[in-house]
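K.L.:
Let me begin by handing over the structure; questions about it come next.
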Amino acid sequence: MTEPVIEAANVSRSYGSGPAWVQALKDVNLTLSGGELTVLMGPSGSGKTTLLSILGCMLAPTGGTVRVCGTSTSGVRPAELAKIRRQHIGFVFQSYHLFSTLTVAENVLLVLDVRGERGAEAMAKTKEILASVGLTSKMSSFPRQLSGGEQQRVAIARAVVAEPSAILADEPTAALDSVNGHATMTILSAIAKERDRAVLVVTHDPRLFEFADRIVHIQDGSLTPEQ
Amino acid sequence: MSLVFTLASRNLFQDRLRFTASLMGIVFSVVLVMVQMGLYFGFSGMITTMIDHTSTDLWIISSGTKYFEDLSLLSTGLKDRLLAIDGVSAVVPGVVGFSAWSLPGGAMSSVIVVGTDITAGGVSPWNVVEGTAQSLTVPGTVVIDRSQYGQLGVSGVGATALIRMQPVTVGAVTDGIRSFTTAPYVFTDLNGARAYTGLPASFASHFLVRLKPQANVEQTRQNILSSISGIQALTPDQFREQSRSFWLFRTGAGAALVAGALLGIIVGTVIVAQTLYSSTKEHLYEFATLRAMGASDSYIYQVIICQALLNAIIGFAIAALIGFAIVHYTAKSALQVVISPSLIIELFILTILMCIVSAIAAIFRVVRVDPAIVLTR
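So the protein lines, in turn, are chains A and B. According to my numbering, the first sequence is numbered sequentially starting from 1. According to my numbering, the second sequence is numbered sequentially starting from 1.
Quick look at the structure:
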């Protein structure tokens with residue numbers, strides 16, 4: 001059996017105190033493994049973003065444990081969490097969050113730069129990954145010169161260039177038309193299969209189910225049985 | 001090469017209006033500090049110009065005297081007493097005092113008469129550009145600076161005038177000898193100076209004391225002070241320091257210049273801080289994305305510090321050019337702005353520090369940014 005890339009056990013998260021106390025997540029158990037694309041589905045306010053933040057080591061759970069590539073994130077300092085993100089996790093955001101002043105190639109190179117990878121080898125990796133998402137001709141373009149679908153492909157290239165074990169995608173198709181949405185999901189699915197990565201896609205869109213190896217529903221902070 | 005510089009520079013130059021405002025803040029600040037400090041050093045140099053250009057081991061002045069032009073009355077009889085002190089080789093008296101120079105139209109202009117025994121090595125004019133300083137051996141001859149032609153109503157060697165209603169002839173002309181007061185220096189012989197300032201023949205304003213080759217300056221100075229009361233015996237450095245201290249600090253002139261410089265630093269820091277902060281705030285989601293990517297704090301600080309340094313370097317370069325222009329245009333003025341290479345280096349370091357301090361607010365903002373905000377937009 002494949003070693004889990006991200007493992008959440010009895011994860012809870014609450015906000016506020018007294019009358020303002022809100023429980024966003026309740027005893028969530030979820031395992032993400034390499035080679036698998038998991039779709040996390042749920043209505044607004046169900047706890048999807050909170051769960052994604054915790055699995056992505058951006059938010060600490062108030063209960064339970066999260067292990068990323070065997071490393072527990074409990075009680076870990078923010079700098080250490082940043083290191084875990086840097087080494088093991090790639091993100092794809094709904095709004096792409098590309099750097100407007102950097103070119104396509106520089107946006108992708110930035111992830112490697114943050115990891116201290118520079119020079120010809122980093123550029124070679126960047127070119128290869130941009131070629132794999134069909135953006136070789138756009139390497140010198142700025143994000144504003146790209147369509148939404150192209151921008152999302154840059155974001156995916158950025159998320160995978162450092163070869164993280166897990167890719168966490170937050171509504172990656174929400175801002176795209178159906179053609180670009182389909183293309184994006186095809187790429188994410190290929191990354192899961194061909195690169196043996198654990199891919200988690202958070203979405204509202206049931207059309208994405210066709211790409212899912214697993215579908216996980218979340219409602220009121222709790223996961224419902226998997227399909 | 002790291003992308004830190006690329007990201008910092010592009011973020012900085014993206015909003016050209018804001019960048020220009022930031023540069024203007026830095027340039028204003030640095031030029032203000034440069035001018036204030038340049039004036040400070042220029043003023044400081046003018047205060048001590050006579051001391052700086054006189055070769056002597058000790059200055060003897062009366063006990064209450066603070067600076068070269070200050071009223072000082074010493075009996076000429078002191079000369080023999082000074083010569084009798086062990087280690088003293090030569091004693092040269094000098095006279096300094098204010099007098100009235102008559103202008104061609106009959107009006108009067110205040111001058112500082114410097115009486116010297118040029119053959120004995122007294123205070124001598126320097127930078128002589130017309131005539132010779134030796135002309136001061138001829139009674140009734142004066143040496144003036146050419147920058148004062150207008151104020152004195154004369155136009156060069158051979159011109160005649162009246163000082164305290166006594167005729168004088170310009171025997172030589174200097175370039176760049178200016179007093180920090182509005183009164184020009186007028187060099188003349190010792191007796192002439194006494195006549196023009198109303199000083200009796202038995203008085204001098206100062207004595208220059210030169211020591212024997214093996215004599216110890218401090219020991220001789222102490223010997224003089226223990227032998228003669230009511231006087232000060234100062235080395236040139238001590239007299240220079242005493243003069244500067246009086247004019248720059250006891251009169252408040254120096255404090256005003258330093259306060260102006262401090263104001264410049266504060267204004268510059270605030271403007272750069274505001275610019276960096278607003279730039280950081282505008283790119284907050286990008287910084288949050290960097291954090292989400294796992295960028296270390298130091299990587300993010302580098303981006304902001306790099307922006308601050310770019311501001312500093314470009315702003316300083318512009319300010320330095322303006323500074324050099326100011327130096328050029330004030331070189332012949334009554335109040336010179338003196339910018340030395342060391343002042344330039346110190347100002348550059350100050351500008352760098354100012355911009356780095358300005359980055360603190362932006363860094364605090366970024367430190368507090370939650371990487372999870374990238375999931376909410």
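Quick reminder that beta carbons are idealized off the backbone N, C-alpha and C, glycines included.
Any C-beta of chain A sitting closer than 8 Å to the C-beta of residue 302 of chain B?
P.N.:
No, no contact with chain A.
K.L.:
Compare the C-beta of residue 184 of chain B with all C-beta atoms of chain A and state if any pair is closer than 8 Å.
P.N.:
No, no contact with chain A.
K.L.:
Residue 185 of chain B lies in the beta strand (DSSP E); which residues open and close that run?
P.N.:
Start and end: 185-189.
K.L.:
Buried or exposed: where does residue 106 of chain A fall if 16 or more other Cβ atoms within 10 Å of its Cβ makes it buried?
P.N.:
Under this definition residue 106 of chain A is a buried residue.
K.L.:
Could you round the C-beta distance between residue 136 of chain B and residue 129 of chain B to whole angstroms and report it? I think they count as a contact, below 8 Å.
P.N.:
Not quite, the Cβ-Cβ distance comes to about 15 Å (not below 8 Å), so this is no contact.
K.L.:
Taking the continuous beta strand (DSSP E) assigned at residue 234 of chain B, which residues delimit it?
P.N.:
231-234 is the extent of the beta strand (DSSP E) around residue 234 of chain B.
K.L.:
Kindly give me the distance between the Cβ atoms of residue 165 of chain A and residue 5 of chain A, rounded to whole angstroms, as I take these residues to be in contact under 8 Å.
P.N.:
Residue 165 of chain A to residue 5 of chain A, Cβ: 5 Å. Contact.
K.L.:
Please tell me whether residue 13 of chain B and residue 343 of chain B are closer than 8 Å, where the distance is taken between their beta carbons.
P.N.:
Going by C-beta atoms, residue 13 of chain B is not nearer than 8 Å to residue 343 of chain B.
K.L.:
If residue 102 of chain B sits next to residue 161 of chain B, beta carbons under 8 Å apart, how far is it from one beta carbon to the other, in whole angstroms?
P.N.:
Right, their Cβ atoms sit about 6 Å apart.
K.L.:
Here's the rule: buried if 16 or more other CB atoms are within 10 angstroms of the residue's CB, otherwise exposed. What is residue 16 of chain B?
P.N.:
With fewer than 16 Cβ atoms within 10 Å of its Cβ, residue 16 of chain B is classed as exposed.
K.L.:
Mind reading off the beta-carbon distance from residue 12 of chain A to residue 27 of chain A? Whole number of angstroms is fine, and I expect it under 8 Å.
P.N.:
So it is a contact: roughly 6 Å between Cβ atoms.
K.L.:
Who are the Cβ neighbours of residue 114 of chain A in its own chain at under 8 Å, not counting the five residues just before and after it?
P.N.:
The answer, listed in chain order, is 86.
K.L.:
Rounded to a whole number of angstroms, what is the C-alpha to C-alpha distance between residue 215 of chain A and residue 41 of chain A?
P.N.:
Distance between the alpha carbons of residue 215 of chain A and residue 41 of chain A is about 7 Å.
K.L.:
Do residue 111 of chain A and residue 158 of chain A have their beta-carbon atoms positioned less than 8 Å apart in this structure?
P.N.:
Yes, the Cβ-Cβ distance between residue 158 of chain A and residue 111 of chain A is below 8 Å.
K.L.:
Residues of chain A with CB under 8 Å from residue 286 of chain B, in chain order?
P.N.:
Correct list: 97, 99 and 100.
K.L.:
Who are the Cβ neighbours of residue 1 of chain A in its own chain at under 7 Å, not counting the five residues just before and after it?
P.N.:
The pLDDT assigned to residue 1 of chain A is 48, lower than 50, so where the model puts this residue is not dependable; a value taken from the coordinates is nonetheless given after this. Nothing meets the Cβ criterion.
K.L.:
Whole angstroms is fine: what's the gap from residue 8 of chain A's alpha carbon to residue 84 of chain A's?
P.N.:
Their backbone Cα atoms lie some 15 Å apart in a straight line.
K.L.:
Between which two residues does the alpha helix (DSSP H) holding residue 66 of chain B run?
P.N.:
Run containing residue 66 of chain B: none; DSSP gives neither H nor E here.
K.L.:
When the Cα of residue 104 of chain B is compared with those of B:158, B:39 and B:153, which residue comes out closest?
P.N.:
The candidate whose alpha carbon is nearest that of residue 104 of chain B is B:153.
K.L.:
For the candidate residues A:92, A:29, A:97 and A:129, whose alpha-carbon lies nearest to that of residue 109 of chain A?
P.N.:
Answer by Cα proximity: A:129.
K.L.:
In whole angstroms, give me the CA-to-CA distance for residue 108 of chain B and residue 22 of chain B.
P.N.:
Those two C-alpha atoms are separated by around 51 Å.
K.L.:
Provide the residue(s) that pair with residue 329 of chain B in DSSP beta bridges, ordered along the chain.
P.N.:
Residue 329 of chain B is not bridged to any residue.
K.L.:
DSSP three-state call for residue 85 of chain A: helix, strand or coil?
P.N.:
Here residue 85 of chain A sits in helix by DSSP.
K.L.:
State the start and end residues of the unbroken beta strand (DSSP E) segment that holds residue 145 of chain B.
P.N.:
141-145 is the extent of the beta strand (DSSP E) around residue 145 of chain B.
K.L.:
Mind checking which residues open and close the beta strand (DSSP E) that includes residue 207 of chain B?
P.N.:
Looking at the DSSP string, the run of the beta strand (DSSP E) that includes residue 207 of chain B is 206-211.
K.L.:
Quick one: list the residues of chain B neighbouring residue 8 of chain A, beta-carbon separation under 8 Å, in chain order.
P.N.:
Per Cβ cutoff of 8 Å: no residues; residue 8 of chain A is ~16 Å from chain B at best.
K.L.:
For residue 91 of chain A, which beta-bridge partners are listed by DSSP?
P.N.:
DSSP, once it has assigned bridges, lists A:168 as partnering residue 91 of chain A.
K.L.:
Which residues in the same chain have their Cβ closer than 7 Å to the Cβ of residue 211 of chain B, if we skip the five residues on either side of it in sequence?
P.N.:
These residues qualify, in order along the chain: 57, 87, 88, 89, 217 and 220.
K.L.:
Going by DSSP, what residue range makes up the beta strand (DSSP E) through residue 198 of chain A?
P.N.:
Taken as a continuous stretch (DSSP letters only), the beta strand (DSSP E) holding residue 198 of chain A covers 198-203.
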